[in-house]
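Trainee: Mind looking over this structure? Questions follow.
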Amino acid sequence: MTTQAMVPDHRRWWQYVGPWPLYPIADGLVAGLVALSVRSFIMTPATVPLELLTAVIFGLIIFLVLEGARRFLPRVVTAFPGYIATLVVATVAAVLVRFAQGYIPDYPTLSTGGDIAFAIIRAVVGLIIIQAIIGSLADRLQRQVDATQNALDVVEAQAEALLKADEEVRRSVATLLHDRVQGGLLAACLRLQTVAQESPATSHEVERVIHELEQLRSLDVRRAVRTLSPSLKDIDLETAISEMAEPYLPALAVSISIPRDAVDDPTVRLAVYRIVEQGLLNAVDHGGAGHVAVAIETRPERIEVTVRDDGRGLDPAYVSGFGTTLVDTWCRALGGTWSLTPGSGGGATLTAVLPVRAEAGPSPR
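For what it's worth, the working numbering labels the leading residue of the sequence shown as 13, then goes sequentially.
Given below as structure tokens:
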């Protein structure tokens, strides 16, 4: 973020004078403390309450003048002449009020008028320095915040690009399987039927091969296509996850608990599907699980996804792979959180919490 009073990265030394945004509270507090510290050398126990009061009033006057200028004269204080004039008015008003309280500086080499003039000049220079220090620190902090925000924006953009690339690759593979592989298998079955008709002696074996190819084409390839690129607009989430779990049966028992119409947002629905997909894959590949429980719970402000297995649990040398990177990326892209923890009775539990979005954004598909 850049404000009118903020300046380029490279300043010359005199540019640190200003103009800076006004910081009335900080200026008033620091000015009061400085005024009190100056008088601390000659304070006695009897004068401490009075000195505290004068320091508070000194800082309060500076605060009121700067706050008024910031609120009612914003264009004036962003220009250098108006900025300096505001600081001068604030310090002169504070010093004059202090004089009215009975504080008159006494410098042996100066007259009374010189004492007052020197006190005002010292207060003006002090306030300019205070403003320069606070302003430069705030400006540096803002630049660091901006740099951090830019880095976060880059990470979010990369996360979105990763999800889009992953879905694009899945869709391309699904298209290849659907069009080329299924078409090739179908053509092979037709040619084998011709061979069976021409060679009755081998027709039985050929028919068996045709049957196996038909099973591969109609079941395995289609299931792979649906898993790679699920049509979540046409089927509900529970059905899609059930179809996803079919290849693991009967070696892996999968129980699914999903409320009807649990997720309306198509992007969040796809995220839930992909998170469960990685949970099942991890339970089989890394956990050697025999049972996995998939549960989705909806709350007014969030959706909780849990994939719990009864496998070997987390390996102490466990290292995140591409699957957990996808889970992390989905959760990061949607502003959610996730964790992979040991189960209370063994196994592992993958938990993801996704916020319910007020407005459905574009799907990475």
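Virtual Cβ for every residue (Gly too), placed ideally from N, Cα, C. Since the model is a prediction, treat every value here as computed from it, not as a measurement.
Considering only DSSP beta bridges, list what His303 is partnered with.
Mentor: Ala265.
Trainee: Where does Gly291 sit, in a helix, a strand or coil, going by DSSP?
Mentor: Three-state result, Gly291: helix.
Trainee: Is the beta carbon of Val368 closer than 9 Å to that of Thr349?
Mentor: No, the Cβ-Cβ distance between Thr349 and Val368 is not below 9 Å.
Trainee: Report the residue from Ala252, Leu41, Ala144 whose alpha carbon sits nearest the alpha carbon of Asp273.
Mentor: Nearest option by C-alpha distance: Ala252.
Trainee: Compare the C-alpha of Pro31 against each of Val167, Ile146, Gly323 and name the closest.
Mentor: It is Ile146.
Trainee: Note down the Cα distance separating Leu267 from Ile315, rounded to an integer number of angstroms.
Mentor: Contrary to the premise, residue 267 reads as Ser rather than Leu in this sequence. Those two C-alpha atoms are separated by around 19 Å.
Trainee: Check Glu217 in the structure and name its three-state DSSP category.
Mentor: It is helical.
Trainee: Is it right to say Trp342 is buried, meaning 16 or more other beta carbons lie within 10 angstroms of its own, or is it exposed?
Mentor: Its Cβ being crowded by 16 or more others within 10 Å, Trp342 is buried.
Trainee: Quick check on this structure: which residue in Asp327, Ile287, Val319 has the alpha carbon closest to the alpha carbon of Thr336?
Mentor: Per the Cα distances, Ile287.
Trainee: Give the straight-line distance between the Cα atoms of Arg110 and Ile69, rounded to the nearest whole angstrom.
Mentor: Cα to Cα, Arg110 sits roughly 8 Å from Ile69.
Trainee: Quick test of the definition: if touching needs 3 or more C-beta pairs under 8 Å, does the stretch 154-165 touch the stretch 88-96?
Mentor: The stretch 154-165 is not in contact with the stretch 88-96.
Trainee: Taking the alpha carbon of Tyr285 as the point to measure from, which residue in Gln154, Leu261, Leu249 has its own alpha carbon closest?
Mentor: Among Gln154, Leu261, Leu249, the Cα nearest to that of Tyr285 is on Leu249.
Trainee: In three-state DSSP terms, what is Thr15?
Mentor: A caution first: Thr15 carries a pLDDT of 41, below 50, which makes its placement in the model unreliable, though a value can still be read off. In the structure shown, Thr15 sits in coil (DSSP, three-state: anything other than H, G, I, E or B).
Trainee: Count the other C-beta atoms from every protein chain shown that fall within 10 angstroms of the C-beta of Ala283, then say buried if there are 16 or more, exposed otherwise.
Mentor: Under this definition Ala283 is a buried residue.
Trainee: Taking the beta strand (DSSP E) that Glu316 falls in, what are its first and last residues?
Mentor: First-last of the beta strand (DSSP E) with Glu316: 314-321.
Trainee: Which of the three DSSP states is assigned to Ile308 in this structure?
Mentor: If DSSP states are grouped into helix, strand and coil, Ile308 belongs with the strands.
Trainee: Does DSSP put Thr341 in a helix, a strand or coil?
Mentor: Three-state DSSP puts Thr341 in a helix.
Trainee: In three-state DSSP terms, what is Pro374?
Mentor: Note on Pro374: pLDDT 45, under 50, position unreliable in the model; the coordinate value appears next. Note: Pro374 maps to coil in three-state DSSP.
Trainee: DSSP puts Ser49 in a beta bridge; with which residues?
Mentor: Ser49 is not bridged to any residue.
Trainee: Take Ser351 and list the residues in its own chain whose beta-carbon comes closer than 6 Å to its own, dropping the five residues that flank it on each side.
Mentor: Thr363.
Trainee: Answer yes if the stretch 73-90 comes into contact with the stretch 164-173, meaning at least three C-beta pairs across the two stretches below 8 Å, and no otherwise.
Mentor: Taking 8 Å as the limit for Cβ pairs, the verdict is that the stretch 73-90 does not touch the stretch 164-173.
Trainee: Less than 8 Å between the CB atoms is what I'm expecting for Leu264 and Gly302, so what's the real figure, rounded?
Mentor: Yes, they are in contact, since the Cβ atoms of Leu264 and Gly302 sit about 7 Å apart, within 8 Å.
Trainee: Is Thr59 buried or exposed, if buried means 16 or more other CB atoms sit within 10 Å of its CB?
Mentor: So Thr59 counts as exposed.
Trainee: Which two residues bound the contiguous beta strand (DSSP E) that contains Ser351?
Mentor: Taken as a continuous stretch (DSSP letters only), the beta strand (DSSP E) holding Ser351 covers 349-354.
Trainee: Going by CA-CA distance only, name the one from His298, Asp321, Gly299 that's closest to Ala307.
Mentor: Closest option to Ala307, Cα to Cα, is Asp321.
Trainee: Please report the straight-line C-alpha distance between Ala177 and Asp165, rounded to a whole angstrom.
Mentor: Cα to Cα, Ala177 sits roughly 18 Å from Asp165.
Trainee: Is Leu366 helix, strand or coil when you go by DSSP?
Mentor: Leu366 falls in the strand class under three-state DSSP.
Trainee: Specify the secondary structure class of Gly358 as computed by DSSP and reduced to three states.
Mentor: Reduced to three states, the DSSP call for Gly358 is strand.
Trainee: Please report the straight-line C-alpha distance between Thr361 and Val46, rounded to a whole angstrom.
Mentor: Roughly 58 Å separates the two Cα atoms.
Trainee: Just confirm the distance between the C-beta atoms of Phe256 and Glu309, as a whole number of angstroms; I'd bet it's less than 8 Å.
Mentor: According to the sequence as given, residue 256 is Met; it is not Phe. Not a contact, Cβ separation roughly 19 Å.
Trainee: Nearest-angstrom Cα distance between Ile247 and Ala208?
Mentor: The alpha-carbon atoms of Ile247 and Ala208 are separated by roughly 40 Å.
Trainee: Could you have a look at Ser211 and say whether DSSP puts it in helix, strand or coil?
Mentor: In this structure, Ser211 counts as coil in the three-state DSSP scheme.
Trainee: Suppose you measure from the CA of Gly300 to the CA of Glu219; what does that come to, to the nearest Å?
Mentor: Between Gly300 and Glu219, the C-alpha separation is close to 37 Å.
Trainee: Cα-Cα, which of Pro262, Thr103, Phe334, Leu65 is closest to Gly138?
Mentor: Comparing Cα positions, the closest option is Thr103.
Trainee: Taking the alpha-carbon positions, what's the Ala295 to Glu217 distance?
Mentor: In a straight line, the C-alpha of Ala295 is about 39 Å away from that of Glu217.
Trainee: For Ile37, I'd like the list of residues in its chain whose CB is within less than 7 Å of its CB, leaving aside the five on either flank, ordered along the chain.
Mentor: Result list for Ile37: Phe75, in chain order.
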